[in-house]
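Note that the working numbering has the sequence shown beginning at -13, numbered continuously upward.
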Amino acid sequence: MATNAIDSASMANATKAAGLSMDDLLKLLMTELTYQDPLKPVENKDFLTQMAQFSSLDTTRQLNESIEKMLSLQSLNQTVGLLGKTVDATNDKGTVSGQVTALQLVAGDPQLTIKTASGEIITGLTMAQVQTIR
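Rendered as structure tokens:
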């Protein structure tokens, strides 16, 4: 049975696609070691390289999670500053104008509620839909 060393690119793709955890990667490595060809064992340097790649991959995943949280908080902070301000936004009815009266988080994304001059309440506007802030 022939086995190949796992490179970092294939591990990164596999982890991203399958959502593997560090425990899953360690189980995979242990399975690889269990079923390796005894006549061609993995050398110590290959083993250490793979362990370093696993560690690097996990650190990168944690960094990505932290950046996503930071971006979400930054977006929320920007949205809070719109309370009480008048905005122009686009929705399925076209361009609407009104005062921002409420905010809510939907799946981690801030959404605005505005009250138009005619008293109509429009909910579910995202920051991407806001064109002008007055």
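We treat Cβ as the ideally placed atom computed from N, Cα and C, and that holds for glycine.
> Hey, quick one: how far does the beta strand (DSSP E) through Lys101 stretch, first residue to last?
Replying inline: Asp95 to Lys101
> Between which two residues does the alpha helix (DSSP H) containing Leu91 stretch?
Replying inline: Unbroken run through Leu91 is the beta strand (DSSP E), Gly80 to Val92; no alpha helix (DSSP H).
> Between Ser(-6) and the rest of its own chain, which residues show a CB-CB distance below 8 Å, the 5 nearest in sequence each way excluded?
Replying inline: Confidence at Ser(-6) is low in this model, with a pLDDT of 42, below 50, so its placement is unreliable and no value can be given for it.
> Given that a residue counts as buried once 16 or more other Cβ atoms are within 10 Å of its Cβ, and exposed if not, what is Thr65?
Replying inline: Buried.
>> For Leu34, tell me which candidate among Leu12, Ser52, Leu25 and Thr46 has the shortest Cα-Cα distance.
In response: Minimum Cα distance to Leu34 is reached at Leu12.
>> Quick check on Leu62: does DSSP put it in helix, strand or coil?
In response: helix
> In the structure shown, what three-state DSSP assignment does Asp74 receive?
Replying inline: strand
> Using a Cβ-Cβ cut-off of 6 Å (strictly less than) and excluding sequence neighbours within five positions of Thr109, which residues of its own chain qualify?
Replying inline: Thr99
> Going by Cα to Cα distance, which pick from Thr118, Tyr21 and Leu111 is closest to Val73?
Replying inline: Thr118
> Where does Gln22 fall in DSSP's three states?
Replying inline: coil
> According to DSSP, is Leu68 helix, strand or coil?
Replying inline: coil
> Pick from Asp9, Leu89, Ala93 and Arg47: whose alpha carbon is nearest that of Lys101?
Replying inline: Leu89
> So, using beta-carbon positions, are Ser52 and Gly94 closer together than 8 Å?
Replying inline: no
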